[in-house]
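Only one structure is covered here, and it is reproduced in the block below.
Residue numbers (the numbering used here): 33 to 187.
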């Protein structure tokens, strides 16, 4: 049986909860109102407003179902004091080739946001550094080739 767990931080779970509430309490009623108004215009076979409202309704309902499924299967990442890289930890790494230092938070795939330095535990770099301790050097296998990183700090 497939593991349906979705790993989320507390913050990530709250963000999804807020999005779900927004969809259910604001967007859904707006779409229902738009559908009623479009229906009132008459012939539905050539009614672009009705078609657009139906498409938006499908999108909103689909996202609500997706969020409910994610939250149902969510496993909150426990914050722990650890000396090893794990889900929920923030880590500073130094690239062996150029000495550049980056900082990443390891999160579940549904919460990943590389532009905000949140990387998925399923990404090549996270897979390579999982369970590593500060000072360790790990080899990262990426689609662009292999490279090494050193774990500088974990918090």
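C-beta atoms are modelled at their ideal positions from N, C-alpha and C, and glycine is treated no differently.
Checklist entry - Would residue 120 be called buried (16 or more neighbouring beta carbons within 10 Å of its own) or exposed? => result With at least 16 other beta carbons inside 10 angstroms of its own, residue 120 counts as buried.
Next on the checklist: According to DSSP, is residue 195 part of a helix, a strand, or is it coil?
Outcome noted: A question about residue 195 goes unanswered here, because the residues of the chain that appear run from 33 up to 187.
Item to check | residue 54 versus 71, 99, 66, residue with shortest Cα-Cα distance | outcome: The option with the nearest alpha carbon to residue 54 is 99.
Checklist entry - Should residue 90 go down as buried or exposed, given a rule of 16 or more other Cβ atoms within 10 Å for buried? => result Here residue 90 is exposed: its Cβ has fewer than 16 other Cβ atoms, across all protein chains shown, within 10 Å.
Next on the checklist: Once the 5 residues before and after residue 59 are set aside, which same chain residues still bring their CB inside 7 Å of it?
Outcome noted: If we look at residue 59 and ignore the five residues flanking it on each side, its Cβ neighbours are 92.
Checklist entry - Going by alpha carbons, who is nearest to residue 163 out of 185, 117, 148? => result Considering only 185, 117, 148, the residue with the shortest C-alpha distance to residue 163 is 117.
Next on the checklist: I'd like to know whether the C-beta atoms of residue 128 and residue 168 end up nearer to each other than 8 Å.
Outcome noted: It is not a contact, given that the beta carbons lie outside the stated cut-off.
Item to check | Proximity below 8 Å, CB of residue 105 to CB of residue 38 | outcome: Cβ distance < 8 Å, so residue 105 and residue 38 count as in contact.
Checklist entry - Start and end of the beta strand (DSSP E) containing residue 92? => result Annotation for residue 92: no beta strand (DSSP E) segment contains it, though the alpha helix (DSSP H) segment containing it runs 80-104.
Item to check | 8 Å Cβ shell around residue 206 - same chain, five flanking residues per side excluded | outcome: The chain is shown from 33 up to 187; residue 206 falls before or after that span and cannot be answered.
Checklist entry - Does DSSP put residue 117 in a helix, in a strand, or in coil? => result In the structure shown, residue 117 sits in coil (DSSP, three-state: anything other than H, G, I, E or B).
Item to check | Spatial neighbours of residue 44 in its chain, beta-carbon cut-off 8 Å, leaving aside the 5 residues before and after | outcome: In its chain, beyond the 5 residues on either side, 139, 140, 142, 143 have a beta carbon closer than 8 Å to the beta carbon of residue 44.
Item to check | Runs of alpha helix (DSSP H) wholly within the stretch 109-162 (minimum 4 residues, chain order) | outcome: Taking only runs of at least 4 residues, the alpha helix (DSSP H) segments lying wholly in the stretch 109-162 are 156-161.
Checklist entry - Taking just the CA atoms, how far does residue 101 sit from residue 131? => result Rounded to the nearest angstrom, the two C-alpha atoms are 42 Å apart.
Checklist entry - Tell me which same chain residues have a C-beta within less than 8 Å of the C-beta of residue 115, skipping the five on either side of it? => result 165, 166, 186, listed in sequence order.
Checklist entry - In whole angstroms, what separates the C-alpha of residue 74 from that of residue 42? => result Cα to Cα, the separation comes out at about 48 Å.
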